[in-house]
Amino acid sequence: MVFTVGVFGSCVSRDLFNSQIVPNYKTFFQIISYSQRTSIISLMQNNIKFDEKDIIFENDYNNSIRYDLSKCWLSEIANNPPDYIIMDVIYELIFGILILDDGNIITNNYWDLPKTKFYETIKDKSTALTIIEDSKTYFKLYEESIDLFFNFLKNNCQSSKIILNSARYATKILKKDKTIVDESGNSYLLNVNSYIEDLELYIENNYDVEIMYFGRDYLADESHIWGSGRTHYEKSYYSDKFNQLKHC
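Using the numbering used here, the first residue of the sequence shown is number 24, and each one after it goes up by one.
Below, the structure written as C-alpha cells:
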C-alpha cells in the first residue's frame, strides 16, 4: 500500500521523499501537499492579499512565498487529508517572522522575500522577531500557533497521523575530502539546538504525535545535493529516518 503524505517544514523532512536521496520512496509514499520555508506562526495567521506578479522572481521558489502569504496549505490538507502529516520546526530557527503594521504576521524568508516586489511594500512596515533575540515573545506566539494548528487538524484531518520529525543543527561536518571538522563545542550551535528541542517538546508534551527521533549526531555533508548546510546531512540520516517512517 502506498500512503499519502503532507509535509510542513524544511528539507530535513521533504528530502525523505526525494528520489535522488531515497530512490525507492515512491514504493511506500506519495507526496500530495508540501509547504516549505514557512513558520507555523505565519501559517496560522489570516491570509495576506497580494498580486501574483509581485511575488515572481527569477527562480521557482516564489511558490514558497505564495504558500506563506495565502496559507493555502491548510485548505489543501483539509480538502484532501493525507494519511501522514510530517512536520519539523527548523524554519522557526532559520527565519523567524515579520510582524506587519496591521498586526498580521508572515515568515521572514530572507532568502526569497527580498527578491520580490511585494517585499518593497512591506519592508518599512514590519518588525522582525526571532527566537534567539526574544525567546519569550516568540515562544508565546509559537505555542498559540501550535495550539491553533492542532485544533485545525482535529477538525479537518481526523484520519491523518501526525509525525514530528525531530532534527538538530549538525555539529560535525563531513568535508569533501572525507575529513571531519568537529564543532561540537560551538556555543551558538548548542544554543540553537536547545531552542529546537524546546520547540519540539511543546508539541511532544501537549499533542498525540508520533516522533521520528534524531538519534545520533549526524554529520553535515559538504557533498549533499543542496550543498553545505547544518541540516544537509550525510546519507545515513535519510535511510535511518525513512526506516523510522515506515514503522510509524
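We put the CB at the ideal spot given by N, CA and C, even for glycine.
Everything numeric in this text was worked out from a predicted model, so none of it was measured.
Straight through space, the alpha carbons of residue 151 and residue 183 are spaced by roughly 33 Å.
Taking 7 Å as the cut-off, the beta carbon of residue 195 is found no closer than this to the beta carbon of residue 186. For residue 42, the three-state secondary structure derived from DSSP is coil. For the 7 Å CB-CB criterion, residue 177 and residue 245 do not form a contact. For the set 271, 174 and 141, the Cα lying nearest the Cα of residue 77 is the one of 141.
In this structure the segment 28-36 does not lie against the segment 124-136, because fewer than three pairs of beta carbons, one per stretch, are closer than 8 Å.
As computed with DSSP, residue 256 is found in a beta bridge with 243. Between the alpha carbons of residue 85 and residue 145 lies a distance of about 17 Å.
About 28 Å separates the Cβ atoms of residue 70 and residue 39, ruling out a contact at the 8 Å cut-off. Within its own chain, the residues whose Cβ lies closer than 6 Å to the Cβ of residue 179, once the five positions on either side in sequence are excluded, are 101, listed in chain order.
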